[in-house]
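One line per chain: the protein sequences are A and B, in this order. My numbering numbers the first residue of the first sequence as 321 and each following residue consecutively. My numbering numbers the first residue of the second sequence as 5 and each following residue consecutively. Virtual Cβ for every residue (Gly too), placed ideally from N, Cα, C.
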Amino acid sequence: DGGITQSPKYLFRKEGQNVTLSCEQNLNHDAMYWYRQDPGQGLRLIYYSQIVNDFQKGDIAEGYSVSREKKESFPLTVTSAQKNPTAFYLCASSIRDGNTEAFFGQGTRLTVV
Amino acid sequence: GNSVTQMEGPVTLSEEAFLTINCTYTATGYPSLFWYVQYPGEGLQLLLKATKADDKGSNKGFEATYRKETTSFHLEKGSVQVSDSAVYFCALTMGSGYSTLTFGKGTMLLVSP
Chain A
321 DGGITQSPKY LFRKEGQNVT LSCEQNLNHD AMYWYRQDPG QGLRLIYYSQ IVNDFQKGDI
381 AEGYSVSREK KESFPLTVTS AQKNPTAFYL CASSIRDGNT EAFFGQGTRL TVV
Chain B
5 GNSVTQMEGP VTLSEEAFLT INCTYTATGY PSLFWYVQYP GEGLQLLLKA TKADDKGSNK
65 GFEATYRKET TSFHLEKGSV QVSDSAVYFC ALTMGSGYST LTFGKGTMLL VSP
């Protein structure tokens, strides 16, 4: 079945550590996105990528980094510079057409301990 | 910039009641409009969409009509079920070329038997 796979589902990080969240899609989509979800704040865009080896900052990119070396993969690194990383992270993908919907993964819940 | 405003929740209803969740938007141009649903601990799923004025999106008994004159896309369902309990997000993307999704903050719906 085609879809988006995020891993792990739950992740715990000690303060000061970097951590990488995985996102893989087999939908042959060009565009991929990372969103952060906090209670009562909806979804906020962290980074997005339209094609391989290219990506752009979203609204809240500080403290995060990404790479897009393959069309299928768009990993997100939460660095120690991110002051409040505890959140639910959602990866999505879409074809490059503004009229079409995005498809979402099941999310990764990151907790700083 | 573009923005989406949804009614605050939670919305609490009894089974078989009528549902309305209000959504209004601000956009430069003519956006495509979407409703996504999120069940507890999961990612977002597309519920319905409309890409031009006066279009009606519908799915699983839910409906929403793209009203350009009132810049609205209200979600309705004639008879809710307990299984409809979830968080509902209104979103937009600009219809021409490539664009990211802009989300509202989400509205939680709780349906009791």
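Requested in this report: Throw me the rounded Cβ distance for the GLY427/A and GLY47/B pair, which I believe falls under 8 Å.
Outcome: Counted from its first residue, the first sequence places residue 427/A at position 107. Counted from its first residue, the second sequence places residue 47/B at position 43. That belief holds up - the Cβ atoms of GLY427/A and GLY47/B are roughly 5 Å apart, short of 8 Å.
Report task. Output yes or no for whether 8 Å exceeds the beta carbon distance between ILE366/A and LEU396/A. Result -> Reading the first sequence from its first residue, position 46 is the one you call residue 366/A. Reading the first sequence from its first residue, position 76 is the one you call residue 396/A. It is a contact, given that the beta carbons lie within the stated cut-off.
**Report entry** Beta-bridge partners of TYR38/B, as assigned by DSSP
**Finding:** If you number the second sequence from 1, residue 38/B lands on position 34. First, the residue type needs correcting, since residue 38/B is Phe and not Tyr in the sequence shown. Its beta-bridge partners are LYS53/B and ALA95/B.
Requested in this report: Locate the beta strand (DSSP E) running through ARG364/A, then write down its first and last residues.
Outcome: By 1-based counting over the first sequence, the position of residue 364/A is 44. Taken as a continuous stretch (DSSP letters only), the beta strand (DSSP E) holding ARG364/A covers 363 to 369.
Requested in this report: Can you give me the Cβ contacts of MET112/B inside the same chain, cut-off strictly under 6 Å, excluding the 5 residues immediately before and after it?
Outcome: Position 108 of the second sequence, counted from the start, is the residue given in the question as residue 112/B. Excluding residues within five positions, the ones whose Cβ falls inside 6 Å are GLY13, PRO14 and VAL91.
Query raised in the report: Any beta-carbon of chain A closer than 8 Å to the one on LYS60/B?
Result: Along the second sequence, read from residue 1 onward, the residue named residue 60/B stands at position 56. For LYS60/B, the answer is no, since every Cβ of chain A falls outside 8 Å of its Cβ.
Report task. Verify the CB distance criterion: does THR104/B have a CB-CB separation below 8 Å to chain A? Result -> Residue numbering aside, residue 104/B sits at position 100 when the second sequence is read from its first letter. Yes, THR104/B lies at the interface with chain A (some Cβ there is under 8 Å from its Cβ).
Requested in this report: Keeping to the same chain, check which residues put their C-beta closer than 8 Å to that of GLU392/A; ignore five residues upstream and five downstream.
Outcome: By 1-based counting over the first sequence, the position of residue 392/A is 72. Counting only Cβ-Cβ distances below 8 Å, and skipping sequence neighbours, we find GLU344, GLN345 and ASN346.
Query raised in the report: Alpha carbon to alpha carbon, how far is ARG364/A from TYR355/A?
Result: Locating residue 364/A in the first sequence gives position 44, where the first residue counts as 1. Locating residue 355/A in the first sequence gives position 35, where the first residue counts as 1. Computed Cα separation, rounded: 5 Å.
Requested in this report: Measure the CB-CB distance between PHE66/B and LYS81/B and report whether it falls below 8 Å.
Outcome: Translated into positions along the second sequence, residue 66/B becomes position 62. Translated into positions along the second sequence, residue 81/B becomes position 77. Yes, Cβ-Cβ distance for PHE66/B and LYS81/B is below 8 Å.
Report task. Would you check if the distance between the CB atom of LEU79/B and the CB atom of CYS27/B is smaller than 8 Å? Result -> Residue numbering aside, residue 79/B sits at position 75 when the second sequence is read from its first letter. Residue numbering aside, residue 27/B sits at position 23 when the second sequence is read from its first letter. Yes, the Cβ-Cβ distance between LEU79/B and CYS27/B is below 8 Å.
Query raised in the report: In chain B, which residues lie less than 7 Å from GLY360/A when you measure between Cβ atoms?
Result: One-based indexing of the first sequence puts residue 360/A at position 40. Simply LYS109.
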